[in-house]
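*Asks:* Numbered by the working numbering, the letters in the sequence shown go through residues 2 to 116 in order.
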Amino acid sequence: QVRLVESGGGLVQPGGSLRLSCVASGSIFRYINMGWYRQAAPGKERELVASISNIGRPNYADSVKDRFTISRDDAKNTVSLQMNSLKPEDAAVYYCNTATRTWNWGQGTQVTVSS
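The following block contains the structure:
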C-alpha cells in the first residue's frame, strides 16, 4: 500500500503564501492522477481543490483558481501545491491522494490563515 506524507503547512497571514508537498512511496506514482484535498473541520466534507493528471494537466476548484498552483515531480514521487493570496477560508487540513481517493490518507498538514 502506498504511503503518503504531507508537509509544509503552518500559520500565515491573509494574503500570504505557503507551499505544500506530498511524497508518495512506491513506483506507480508517475502513472497516477493526483489531487490535493482539504478538510476545514472534522466532520466536514474533504473537498478536492486541485488535481494534476499523469501528464501534468492541472485542474482547480473555482475557489482556488488563479491563486493555487499544483505541480508534480515524478522523479521524486512528489506532488506540490503552491498557495498564494491565502484567505481565512483556505484554513484547513490539507491532504494529497489520487484524484479518485484510492490510497490510504496520510496525516495531512494544517494550514491556518489568520492575522
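Every residue gets a Cβ at the ideal spot worked out from N, C-alpha and C, and that includes glycine. Being a predicted model, the structure only gives us computed values, none of them experimental.
Could you have a look at P59 and say whether DSSP puts it in helix, strand or coil?
*Replies:* Strand, per DSSP.
*Asks:* Let's test the definition: count the other Cβ atoms within 10 Å of the Cβ of I33 and tell me whether it reaches 16, buried, or not, exposed.
*Replies:* So I33 ends up on the buried side.
*Asks:* Buried or exposed: where does I71 fall if 16 or more other Cβ atoms within 10 Å of its Cβ makes it buried?
*Replies:* Flag for I71 reads buried.
*Asks:* Given this structure, state the Cα-to-Cα distance separating N105 from V13, to the nearest angstrom.
*Replies:* Each residue's alpha carbon lies about 28 Å from the other.
*Asks:* Between V1 and Y61, what straight-line distance do the alpha-carbon atoms span, to the nearest angstrom?
*Replies:* Since the first and last residues shown for the chain are 2 and 116, residue 1 lies out of range.
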